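Single-structure report; data block below.
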Ligand SMILES: [Fe+2]
């Protein structure tokens, strides 16, 4: 076996979860082909030390990223969900930080892992991943209020890299705030019940101030403008895009006022740069 | 070794690994610490709190970077995005040298996130040394490779682990981060004499030493970094210092982390084995002297 063949073989064996019986399609090859026995442990037992530590590390990394998702789907389903995700999406990045990046999209196409409240579970996963992205994304010097006031319709605008915009179908932001807060508390105070989540349209900005991540609910108009700007549209294009579909209620003056309010808010929060 | 080309001609003493639970203590009490070792990957991000905290540490302390994911022994080529981010961090920290492990961890772009053992073959020597050389050239910094704890051995091996280490560092012309706890753990798991290992390592290439605690199970020892340093590991450390001289030493404590003082006191026990420092390098508090080399 060349070094490459040996590494392919061993990583393939390590990718089988330690409790593989529960996982359909899991395959285990004998470690004896390439590992030797020791007086105390045979080749398979020696490989299993690595398998357990690999899976413990990966499972813990995903679990840490999604405490609110766990609260929605329950502990048992969450453990199965993590293993199924890790089998479908082996890590393709040198950093564990990126391990969960495909989980929201994966869960959106795998309803059986989300349980009865699958759509809420997907929303929670999207929001918790947005938190991770916002936490360590870059931050650029914001434009001053004077510069924002002088912007023309065709001015190129860019939004803070740490700003994430989400349209949610459930009020999972209430849950995420409560769960994250609870995690930071001492165990004796963590027995509080979590807020109930319900279907509800929510437009949310996830952003960072002084190193801490915050959530801010937006109205639909502000969300659409900012969302279009984040897709590199000019101000004029962004306004047009959100007037096209579905029609924005109110007069032309209402729309201008809403636009001004959105820009004022974005400027105040340092989102425009 | 003190001040050699593998540690950027620095003469660091005893340091501890920088860990998040200690941020508050360090930044509010400014304890006298010779140096901190950071896990590079924790700070290879675009912004936010991790870099803010690092910058505050860098205002007062000297920092050396230690990585966990370059995987010099992977048959894959090194990841360029990873190297670029790493280089950018070295510009921020002014690390005089940089370390990562003598292991593999990824294949065909899929990552295990574990420090997997290599077969001690000539093919692995060539491939690993080529990767280390590439990283060293790209980063423009001396690299020290660390021996890992291991729990398995390959039929394919053609030499002992210490011969393999010496062959790799010679072929790559790089330094060694000698982890005496890892030597002890591996010696127990594989049944060799850990002193044979320490006695065989090229002392002139040792840039740094790691000490740490491990866990005992019935049939194996596990490198858990969640205990004080055990006596047999101190004895190996003593032997390593006798061979290498005063060498930058770092205590790793990564799990069930006690208060900062307890960790630091454990690290400072190393001083009893270290020969006296030369006067100009004995300053313990450091203010912006990243150019100490
Ligand atoms: Fe180490």
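Chains as they are written, first to last, in my numbering: chain H, 442 to 714; chain C, 3 to 295.
By construction, the Cβ of each residue, glycine as well, lies at the ideal position given by its N, Cα and C atoms.
Keep in mind it's a predicted model, so treat the numbers as computed, not measured.
Which residues DSSP lists as bridging residue i, in chain order
i, result
"residue 211 of chain C", "C:180, C:251"
"residue 147 of chain C", "C:102, C:178"
"residue 39 of chain C", "C:19, C:66"
"residue 218 of chain C", "C:223"
"residue 600 of chain H", "H:713"
"residue 108 of chain C", "C:113"
"residue 156 of chain C", "H:476"
Beta-carbon neighbours of residue i, restricted to chain C and to distances below 9 angstroms
i, result
"residue 578 of chain H", "47, 48, 49, 50"
"residue 508 of chain H", "Going along chain C, no residue has its Cβ under 9 angstroms from residue 508 of chain H, so there is no contact; the nearest lies around 17 angstroms."
"residue 713 of chain H", "Within chain C, no residue comes near residue 713 of chain H; the closest Cβ sits about 17 angstroms away, beyond 9 angstroms."
"residue 603 of chain H", "48, 49, 50"
Where the alpha helix (DSSP H) containing residue i begins and where it ends
i, result
"residue 577 of chain H", "559-577"
"residue 643 of chain H", "From DSSP, residue 643 of chain H is part of no alpha helix (DSSP H) but of the beta strand (DSSP E) over 640-650."
"residue 491 of chain H", "484-506"
"residue 478 of chain H", "Counting along the chain, residue 478 of chain H falls outside any alpha helix (DSSP H), and DSSP gives it neither H nor E."
"residue 547 of chain H", "544-549"
"residue 262 of chain C", "262-270"
"residue 241 of chain C", "233-246"
"residue 27 of chain C", "25-31"
"residue 528 of chain H", "516-529"
"residue 199 of chain C", "196-202"
Amino acids of chain C, ordered along the chain, whose beta-carbon sits closer than 8 angstroms to that of residue i
i, result
"residue 459 of chain H", "Residues of chain C passing the Cβ test: none, with the nearest at roughly 13 angstroms."
"residue 657 of chain H", "The contacting residues do not exist; residue 657 of chain H stays about 18 angstroms from chain C at best."
Residue i CB to nearest heavy atom of ligand 1 below 7 angstroms
i, result
"residue 155 of chain C", "no"
"residue 116 of chain C", "no"
"residue 214 of chain C", "yes"
"residue 254 of chain C", "yes"
"residue 612 of chain H", "no"
"residue 181 of chain C", "yes"
"residue 125 of chain C", "no"
"residue 148 of chain C", "yes"
"residue 184 of chain C", "yes"
Within chain H, partners of residue i - CB distance below 8 angstroms
i, result
"residue 156 of chain C", "447, 475, 476, 477"
"residue 71 of chain C", "535, 536"
"residue 76 of chain C", "448"
"residue 116 of chain C", "455, 491, 494, 495, 498"
CB of residue i within 8 angstroms of CB of residue j, strictly
i, j, result
"residue 235 of chain C", "residue 199 of chain C", "no"
"residue 130 of chain C", "residue 104 of chain C", "yes"
"residue 37 of chain C", "residue 66 of chain C", "yes"
"residue 216 of chain C", "residue 254 of chain C", "no"
"residue 137 of chain C", "residue 179 of chain C", "no"
"residue 95 of chain C", "residue 143 of chain C", "no"
"residue 53 of chain C", "residue 45 of chain C", "yes"
"residue 507 of chain H", "residue 566 of chain H", "yes"
"residue 479 of chain H", "residue 157 of chain C", "no"
"residue 89 of chain C", "residue 141 of chain C", "yes"
"residue 485 of chain H", "residue 471 of chain H", "yes"
"residue 603 of chain H", "residue 649 of chain H", "yes"
"residue 119 of chain C", "residue 150 of chain C", "yes"
"residue 206 of chain C", "residue 6 of chain C", "yes"
"residue 99 of chain C", "residue 8 of chain C", "yes"
"residue 612 of chain H", "residue 589 of chain H", "no"
"residue 58 of chain C", "residue 20 of chain C", "no"
"residue 645 of chain H", "residue 659 of chain H", "yes"
"residue 509 of chain H", "residue 569 of chain H", "yes"
"residue 454 of chain H", "residue 488 of chain H", "yes"
"residue 532 of chain H", "residue 115 of chain C", "yes"
"residue 560 of chain H", "residue 610 of chain H", "yes"
is_contact[residue i, chain D] using C-beta, thresh 8 angstroms
i, result
"residue 193 of chain C", "Here chain D cannot be found, since the structure's protein chains are H and C."
Contact set between residue i and chain H, taken where Cβ atoms lie within less than 9 angstroms
i, result
"residue 54 of chain C", "651, 652"
"residue 112 of chain C", "452, 456, 531, 532, 533"
"residue 121 of chain C", "442, 444, 447, 475"
"residue 299 of chain C", "Residue numbering for chain C in the displayed model covers 3 to 295; residue 299 of chain C lies beyond these limits and cannot be assessed."
7 angstroms Cβ cut-off: residues of chain C touching residue i
i, result
"residue 490 of chain H", "153, 222"
"residue 591 of chain H", "Residues of chain C passing the Cβ test: none, with the nearest at roughly 27 angstroms."
"residue 482 of chain H", "221, 222"
Extent of the continuous beta strand (DSSP E) to which residue i belongs
i, result
"residue 112 of chain C", "112-118"
"residue 654 of chain H", "653-659"
"residue 609 of chain H", "605-611"
Per-residue contacts from residue i into chain H (C-beta, under 7 angstroms)
i, result
"residue 84 of chain C", "535"
"residue 106 of chain C", "448"
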